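Take 1 as the starting number for the sequence shown in full-length UniProt numbering and just add one per residue.
Just so it is clear, CB atoms sit at the ideal spot from N, CA and C, and this is done for glycine as well.
Note that the structure is a prediction, hence the values are computed from the model and not measured.
Here is the structure we will look at.
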Amino acid sequence: MDPDSEYLTAFRTRFGTFRWKVLPFGLKVGPAWFQQFINAQLHDLLDRCASAYADDVLIYSDKEEDHWKDCQEVIWRLHQANLQGDIKKSRFNVTKVDYLGVLLEAGVGLSVDPRKVRSIQDWKLEDLRDRTAIRSFVGLCNFIRVFCYHASGVAEPLNRLLKKDVAFVMGPEQREAFDQLKRLAIEAPVLAFFRPELPTRLETDASRNATAGVLWQEQPDRTWKPVGFFSRTMTPAERAYPIQDRELLAVVQSLEHFYPELLGQKFDVITDHEALVHFSTKRLLSVRQIRWSDFLAQFDIRFLYRPGRLNVVADALQEDSRASYRKGPGSRGTHGDPDPPERLGFATDSLDPTAAGHLPPQNFSPEPKPTRPLVLRATSALQTPEDQGIQQTPDQDRPELDPNSVPKEPNSFR
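Pasting the structure below:
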């Protein structure tokens, strides 16, 4: 503690008045101050060989000989800052570690802690007796939401009961949501580590109540693996959006969620709403769409269309939580089924703008038909006396609009 601030922590006992000389537990600004302090000590090591969340420090290296050097450097930095580590809680030279409730395994990825899954499976339907119990169960499921596809949409019937103006009735819809959340916890897939040099795809979807997104990357062994999931429940105002705006909302929210990974990357956005493929060529936009268009301009995006009937990501992930999705025809999945990426749409013609003859690519601009231009005239009540004296040109004497004279707008977001 700073000597000038010690008096603020004074407390009185029967033995006299005492004050803290170090940062006490329970102080409101304590976690933020300590995080700032630990970041200052490891400032040049963060994101290079170390990561720190409060007093949990993770040290990682590509090679074993480098790992011991990195560990020595981090320990020396902590020693210089008068910080001590508990050797009983420390683990060295391991390839699998539990960090902040997530299992990190070298060469594999991120997976859910089995203890979290067991705590969810221990819940029974009879335990959801009131709103407090539902809030506890949904809050526990939110911890594994990053491993589940459309988790917010699945939990929406339970979240609906948390509203004060809604009668607390556990109907069939709530029971089904409870069972699905427990099943999602068991079947949560392993997430691969994000690598900027790998091909990337973002798949988005919007339902009546929620938006969702999945970030995929093609691994060096030609398999597509999920990197992260996103889902969020819509607000009442967002549920009233037209279908195109809801689908575009899913894209925008997914990009906001994966902003650090996707900014500066060249990637594809897969959608089941074909109108989004031509969104960049749309000339009449609402104020909301203009705002979203400005946000999309930050990314190097190519929209690809895939019919909704091929949107079976959740089903494929539930078949095998550790299945790899191999690209190309003729290959087999882990269970001997036809190639999952083909079922997921990753190898279909609709995702290849050069091979899809029946679907236009993102940069496709149809030839405008030579139609008569639409002329809008103001009413006589809005015309000035000078305007009323101007002779109007008949429509048949007006020159036809030359389609080639209209400047073409860029067809992709850059």
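The shortest C-alpha to C-alpha distance from residue 103 to any of 190, 194 and 14 is the one to 190. Under the DSSP definition of a beta bridge, residue 266 partners with 300. For residue 56, the closest alpha carbon among the candidates 98, 79 and 93 is that of 98. Cβ neighbours of residue 258 within its own chain (closer than 6 Å, five residues either side excluded): 215. Apart from sequence neighbours up to five positions away, no residue of its chain approaches residue 240 with a beta-carbon distance below 8 Å. Taking C-beta atoms as the reference points, residue 303 and residue 277 count as a pair closer than 7 Å. Contact check between the segment 106-126 and the segment 135-155: three or more CB pairs, one atom from each, fall below 8 Å, which counts as touching.
Between residue 254 and residue 210, the C-beta spacing is not below 7 Å. Within the same chain, 59 and 92 come within 8 Å of residue 71 by CB-CB distance, once the 5 residues on both sides are set aside. Beyond the five residues adjoining it in sequence on each side, residue 196 comes within less than 7 Å, by CB distance, of 265 in the same chain, given in chain order. The beta carbon of residue 27 is closer than 8 Å to those of 9 in its chain, skipping five residues each way along the sequence. The straight-line gap separating the alpha-carbon atoms of residue 275 and residue 232 is approximately 22 Å.
If you draw a straight line from the Cα of residue 7 to the Cα of residue 73, it is about 36 Å long. The shortest C-alpha to C-alpha distance from residue 199 to any of 183, 54, 242 and 262 is the one to 262. Collapsing the DSSP output to three states places residue 33 in a helix. Counting the other Cβ atoms within 10 Å of the Cβ of residue 90 gives fewer than 16, which makes it exposed.
Ranked by how close their Cα comes to the Cα of residue 77, the residues 40, 100 and 244 have 40 in first place. Taking each of 112, 137 and 110 in turn and checking the Cα distance to residue 122, the smallest one comes out for 137. Remark: C-beta atoms of residue 268 and residue 201 approach each other more closely than 7 Å. If you draw a straight line from the Cα of residue 80 to the Cα of residue 42, it comes to about 11 Å. Counted as a single uninterrupted DSSP element, the alpha helix (DSSP H) harbouring residue 178 occupies residues 172-186. Within the segment 112-172, the alpha helix (DSSP H) runs of at least 4 residues that lie entirely inside it are, in chain order, 114-121, 131-142 and 151-160.
Taking 7 Å as the cut-off, the beta carbon of residue 193 is found no closer than this to the beta carbon of residue 101. Counting along the chain, no alpha helix (DSSP H) covers residue 96; the unbroken beta strand (DSSP E) around it starts and ends at 96-99. Closest in alpha carbon position to residue 234, among 283, 135 and 205, is 205. Where residue 76 is concerned, the enclosing alpha helix (DSSP H) starts and stops at 64-80. If you draw a straight line from the Cα of residue 181 to the Cα of residue 126, it comes to about 15 Å. In this model, residue 167 and residue 155 are separated by some 17 Å (Cα to Cα).
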